[in-house]
Structure formats: C-alpha cells, structure tokens
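Peer 1:
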Amino acid sequence: ARLSLLSLSLFVSLYLSVCLCRTPRVIARTYGEAMRHMEESLLARHRLYAAQQRARELERAAKQLRLGMDVDTAATSRGWAKLRELFHAPAPPRSERFYENGLPKACFWRGRYVNAWDPYCCDRGPWDSLVMAMEGGLPRLHEAVTPAEKQLLLPGVSVDWDEVLRARATASCHEVTALWAGHASVLLLMDGITLLTDPVFGESCSPLQAGPKRYVPAPFQAEEVPFDIDVVLISHNHFDHLCPRTIAQILRAHPEGSAPLFIVPTGVGSTLEEMGVAADRIVELNWWEQVVLKRVGSRITGRKGGMAPEAVYGRVGESQGTAGARVVFTPAQHWSARSFFDRNQSLWGGFVVEGAKPSAAQQRSHQQDKPARQQRGGRFFFAGDTGYCPVFRQIGELFGPFDVSALPLGAYAPKWFMKAQHVDPMESLLIHEELKSSVSFGIHWGTWPLAKDRPLDPLYELRGA
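Reading the sequence shown from the start, the letters are residues 1 to 465 in our numbering.
Okay, here's the thing in structure tokens:
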C-alpha cells in the first residue's frame, strides 16, 4: 500500500511538471506591451504610495487637533532632533500657541517666533544639515536644463501686456486674474487693484548674486509693468521671497507719491525701510489680522482693521462681507532669517485676498450667470512658503471657497529634511482640497535649484495623482 501511494504521488508530480512546462505563462508578447505593463505597475505603486502618504498626514493632523499637542517626536526624530530638547528652550504652553477657538497664535517665545503645532520643527542641527548636504540637498550653483525641459517651465515669450490691460480694465469685483512670474512671484488683478506677491525677478536669489541661477529668465521686470502696482505682499524675509534689487526696481518704477503699499509680516518692516521704502507705506500684520484697502486718488491706502471677524467669531455669512477689498494674513509652518543672527526674529505666513462686497446692481447683473458668488467678491489665497499643517483646513472653513489659490510645489527633497518647511506635490493637492479652491496653480518650483528635487519633479509626481 505504501509503495502504491508513493508511486501515485510521483506520477502526479511528474504530470503536473510536464503540463506546466508545456504551457508557460506569457507575460508580454512584445517589448512595447512589456513597457506598458511596467508603466501601469509603477503608476499603481505610485498611487498606492500617494494614498498611504495622504492617510498618514490626515492621521497626524487629526492627532494634533484632537490632542492639541506637539507633533509626535517619533515622526521627526532623526539625529539632532532626538537631542533638541537639550538645546532648545522648553516649548511654549498651548495657551501661548493657540486661541481658545483652536486657531494658531503668532507666538513670540523667548526672543523668537515659533510654529504653533511643532514649535521647533524647522530647526535642524549641524548633523542633520551635514547628512542633507551629503544626500545632495544643497542648492546647486551650476545646473542647466535641456530645451525640452524649458518648454515645461515658464514660457520663453514676453508677456502680452495688451491682453493683461484688457483683463484689468474689464475685471469685475468677482473676477480674479493671476499671472505667475516664477518662484513665488504672482501678479494679481482683482477688484480694480493690482497686487504683486514675493517679487524676485533677478538672476539669483542670494544676497551676493553668487548663488544658484535661474533655469529660465523672469517673464518681466518690475519696470516693464505698464501700470501701477498698488500692493506688494511679502510672505517672509528669505532672499528668494524678498530681494532688495527687485524692491529697488519697484520703487524706481513708482515715483514718490505713487509707491505701492507693502503688507508684510511683523518684523519685516524694518528690512523694507533699509531698502528705501517709506514707513507710511508699510503695514505689518500678525496672524489673522486684516487690512482694508481703499483707493484715494491714484494710490491705495490700507487701514489696519485688527483681527479678521472670521478669526474671532467664526464663519461670517456671505452677505456680511467687507465694504472694501481686504487682505488677511494667515498662519503657515516655516521660519525666517536673513543672516545667521536673526533667525525667527520676524514672522512668516500666507495671505487671503478678498474683493469688495458687490453693490446691489452688480449682484443683480450676476444673479443669472453666477448666483453662487453674487453676495461676495473674488477670493485668492497665497500660501507663501509652508510645510503641511492643519491650518489650511481652518482657513478653508473660515474664508473658503477660494476662486484661485497659489500653492507651493517644489524644494521638498530630501523629504525627511524639508518636510516640516516645504510641502511636496501630494501635500499641495491636499491643501487645495482643504481650501475648497476652484482652481489652484503651483508656485515655488522650476525657478532655482534650491533642493535635491529636479525642476520637473513636481510635474512627474502630480501626473500620477
């Protein structure tokens, strides 16, 4: 019986092996088919990775909001971060970092500003910086792009100012027109007001013009704009967002008496004064403070209105909008410095720009074609520089939905080093959803080689989203 059972098992094994050898599995019949299978597999893996990353970020943000505490140290502990409690002052208490309604405060703690959710998340020690440099994360001084890559960056054609002038002349209080000028510079037209964000038009963004060079030239210079720039918004004082040479260009293009109004974070005003901007043309804001804009003759004046009503009372109804256009300074997760000795001495953040509440006649004229927006002006959000944090969901709930948003995409690699201060493309998509933005476009990418990621890496990541 044992011999018969053994013989049967051997026969079955031999039969199966012969059958399998005769019917091999066909993976692909042609090289092109194999490449398609590989691309589909990579795309599926990328989507899975993006979904896992987003789930982790949502879980992390929920934990922050639920517990009201700092970021889990296990999520950011690497090298120097494990010992940072020995080298930093204790984190400020929650009451110093958040209002009672859960909105983050601009907290100046022991001589410096700190972030709300993780006060020292952007502080990296010498060991982390050395590892990052060895991984290729430092700005690259001489990096060129191919002609094919240039076609996907800023267009090499000059701006059609006639078209911009027509859009400026016909724009209503509902409409938002934005022109990206490279990195974080955006020319914004809305409600009869021209705004410019973080203007840097030079070849380099370093203090001595010895740093990384632009991949492609800026589409225009400040002196080439054929109309007055009414307002300049500065998100923070880093050299790639606040350039003295560009500020000098703007002042030369606007003779005395027509200089734009500069709306800046607290602590940046003195830097602008050193660049030649008059003190009466500078408005400094803390997080959630607003400026109501009013045109007096040919120039725009700004009346600082304290905390935005939404930040104090919660969501304000659409019918309760402001009588004039306004700018609200909103929180972000970043840091500031212009030298080795002034780190976090000034604030950082983003901006909500809202057009004036339309008149009754304008409401009637838009009642048929744009009923959802007839009670408010256009809304634009500028994120500046930021890592991901729960504040964007709060901004969306208080001020959204937005018509247009400018969100950062680049300088995010290596991610373990940059994550706290720069969002990656997938996190930018999450911010777009949390802001309830109709249209968002990318900034802070494809201009200078500031980190390990290549100029077109954000596009490759977004293609698979």
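Cβ atoms here follow ideal geometry from the backbone N, Cα and C, with glycine treated the same way. None of the values given here were measured: they were computed from a predicted structure.
Where DSSP assigns a beta bridge to Gly-302, which residues make up the other side?
Peer 2: Position 302 of the sequence shown, counting from 1, holds the residue named residue 302. According to DSSP, Gly-302 bridges with Leu-293.
Peer 1: Just to confirm, is the Cβ distance from Pro-458 to Pro-425 under 9 Å?
Peer 2: Residue numbering aside, residue 458 sits at position 458 when the sequence shown is read from its first letter. Residue numbering aside, residue 425 sits at position 425 when the sequence shown is read from its first letter. In contact: Pro-458 and Pro-425 (Cβ atoms closer than 9 Å).
Peer 1: Does DSSP classify Gly-387 as helix, strand or coil?
Peer 2: The sequence position of residue 387 within the sequence shown is 387, counting from 1. Three-state result, Gly-387: strand.
Peer 1: Here's the rule I'm using: 16 or more other beta-carbon atoms within 10 Å means buried, otherwise exposed. How should Val-232 be labelled?
Peer 2: Here residue 232 refers to the residue found at position 232 of the sequence shown. Val-232 comes out buried.
Peer 1: Can you name, in chain order, every residue of its own chain whose Cβ lies under 6 Å from the Cβ of Ile-247, other than the five neighbours on each side?
Peer 2: Within the sequence shown, residue 247 is the residue found at index 247, counting from 1. Hits under 6 Å: Met-275.
Peer 1: According to DSSP, is Lys-415 part of a helix, a strand, or is it coil?
Peer 2: Mapped onto the sequence shown, residue 415 falls at position 415. Lys-415: helix per DSSP, three-state reduction.
Peer 1: Kindly say whether Phe-382, judged by its beta-carbon, lies nearer than 9 Å to any beta-carbon of chain C.
Peer 2: Here chain C cannot be found, since the structure has a single protein chain.
Peer 1: Whose CA, out of Gln-221, Val-277 and Asp-385, lies closest to the CA of Ala-411?
Peer 2: On the sequence shown, residue 411 is found 411 positions in, with the first residue counted as 1. With distances taken between Cα atoms, Ala-411 lies closest to Asp-385.
Peer 1: Which whole runs of the alpha helix (DSSP H) in the stretch 244 to 277 are 4 residues long or more, in chain order?
Peer 2: As far as the stretch 244 to 277 is concerned, its whole alpha helix (DSSP H) runs of at least 4 residues are 244 to 253 and 269 to 274.
Peer 1: Taking the alpha carbon of Arg-245 as the point to measure from, which residue in Trp-445, Arg-343 and Glu-223 has its own alpha carbon closest?
Peer 2: Your numbering for residue 245 matches position 245 in the sequence shown. The candidate whose alpha carbon is nearest that of Arg-245 is Glu-223.
Peer 1: Helix, strand or coil for Ala-169, going by three-state DSSP, please let me know.
Peer 2: Here residue 169 refers to the residue found at position 169 of the sequence shown. In the structure shown, Ala-169 sits in a helix (DSSP, three-state: H, G or I).
Peer 1: Whose C-beta lies closer than 6 Å to the C-beta of Ile-443 among residues of the same chain, with five residues either side of it excluded?
Peer 2: Here residue 443 refers to the residue found at position 443 when the sequence shown is read from its first residue. Correct list, in chain order: Ala-184, Ala-406 and Pro-408.
Peer 1: Could you check how far apart the C-beta atoms of Glu-284 and Pro-265 are, in whole angstroms? I think they sit under 8 Å.
Peer 2: Here residue 284 is taken as the residue at index 284 of the sequence shown, counted from 1. Here residue 265 is taken as the residue at index 265 of the sequence shown, counted from 1. About 7 Å separates the two Cβ atoms, so the contact holds.
Peer 1: From Ser-95 to Asp-118, what distance separates their C-alpha atoms?
Peer 2: Mapped onto the sequence shown, residue 95 falls at position 95. Mapped onto the sequence shown, residue 118 falls at position 118. When rounded, the distance between both Cα atoms is 14 Å.
Peer 1: Check whether the stretch 158 to 165 and the stretch 343 to 356 touch, using three or more Cβ-Cβ pairs below 8 Å as the test.
Peer 2: Touching, no.
Peer 1: Three or more beta-carbon pairs under 8 Å between the stretch 378 to 395 and the stretch 234 to 242, yes or no?
Peer 2: Contact between the stretch 378 to 395 and the stretch 234 to 242 is present, because at least three Cβ pairs lie under 8 Å.
Peer 1: Starting from the C-beta of Glu-434, find all residues in its chain whose C-beta is less than 6 Å away, skip the five residues before and the five after it, and write them out in chain order.
Peer 2: For the purposes of this step, residue 434 is taken as residue 434 along the sequence shown, with counting starting at 1. The residues are Phe-392, Arg-393 and Gly-396.
Peer 1: Please state the DSSP three-state secondary structure of Phe-239.
Peer 2: Against the sequence shown, residue 239 aligns to sequence position 239. In this structure, Phe-239 counts as coil in the three-state DSSP scheme.
Peer 1: So if DSSP puts Ala-406 in a beta bridge, which residue, or which two residues, is it bridged to?
Peer 2: Working through the sequence shown from its first residue, we reach residue 406 at position 406. DSSP lists Phe-382 and Phe-441 as partners of Ala-406.
Peer 1: Run the CB neighbour count on Lys-452, radius 10 Å, all protein chains shown included, and call it buried at 16 or more, exposed below.
Peer 2: Counting from one through the sequence shown, the residue named residue 452 turns up at place 452. Classification for Lys-452: buried.
Peer 1: Could you give the residue range of the alpha helix (DSSP H) that holds Val-328?
Peer 2: Along the sequence shown, one-based indexing puts residue 328 at 328. No alpha helix (DSSP H) contains Val-328, which is instead part of the beta strand (DSSP E) from 326 to 330.
Peer 1: Skipping 5 residues on each side, what residues in its chain have a beta carbon closer than 7 Å to that of Arg-326?
Peer 2: Indexing the sequence shown from 1 puts residue 326 at position 326. Excluding residues within five positions, the ones whose Cβ falls inside 7 Å are Gln-290, Val-291, Val-292, Leu-293 and Glu-354.
Peer 1: Give a yes or no on whether the C-beta atoms belonging to Gly-192 and Arg-303 are separated by under 9 Å.
Peer 2: Position 192 of the sequence shown holds residue 192. Position 303 of the sequence shown holds residue 303. Against a cut-off of 9 Å, the Cβ pair of Arg-303 and Gly-192 comes out as no contact.
Peer 1: With a threshold of 16 other CB atoms inside 10 Å of the CB of Pro-104, please say whether the residue is buried or exposed.
Peer 2: Along the sequence shown, read from residue 1 onward, the residue named residue 104 stands at position 104. By the neighbour-count rule (16 or more Cβ atoms within 10 Å), Pro-104 is buried.
Peer 1: Which residue from Cys-122, Asn-101 and Ala-91 puts its Cα closest to that of Gly-107?
Peer 2: Within the sequence shown, residue 107 is the residue found at index 107, counting from 1. Before going on, a small fix: residue 107 reads as Cys here, not Gly. Cα-wise, what sits closest to Cys-107 is Ala-91.
Peer 1: Within the continuous beta strand (DSSP E) that includes Ala-178, where are the two ends?
Peer 2: Against the sequence shown, residue 178 aligns to sequence position 178. Residues 177 to 180.
Peer 1: Are the CB atoms of Leu-152 and Leu-456 nearer to each other than 9 Å?
Peer 2: Position 152 of the sequence shown holds residue 152. Position 456 of the sequence shown holds residue 456. Yes, they are a contact pair.
Peer 1: Give the DSSP bridge partners of Leu-188, in chain order.
Peer 2: Locating residue 188 in the sequence shown gives position 188, counting from the first residue. DSSP lists Ala-178 and Leu-195 as partners of Leu-188.
Peer 1: Once DSSP output is grouped into helix, strand and coil, what is the label at Gln-394?
Peer 2: Stepping through the sequence shown from its first residue, residue 394 is reached at position 394. Reduced to three states, the DSSP call for Gln-394 is helix.
Peer 1: When you compare each of Asn-286, Pro-219 and Ala-259 to Ser-298 by their alpha carbons, which one comes out closest?
Peer 2: For this step, residue 298 is matched to residue 298 along the sequence shown. Measuring from the Cα of Ser-298, the nearest candidate turns out to be Ala-259.
Peer 1: Drop a sphere of 10 angstroms on the beta-carbon of Val-439, count the other beta-carbons inside from all chains shown, and report buried for 16 or more, exposed for fewer.
Peer 2: Counting from 1 along the sequence shown, the entry for residue 439 is found at position 439. It is exposed - the Cβ of Val-439 has fewer than 16 other Cβ atoms within 10 Å.
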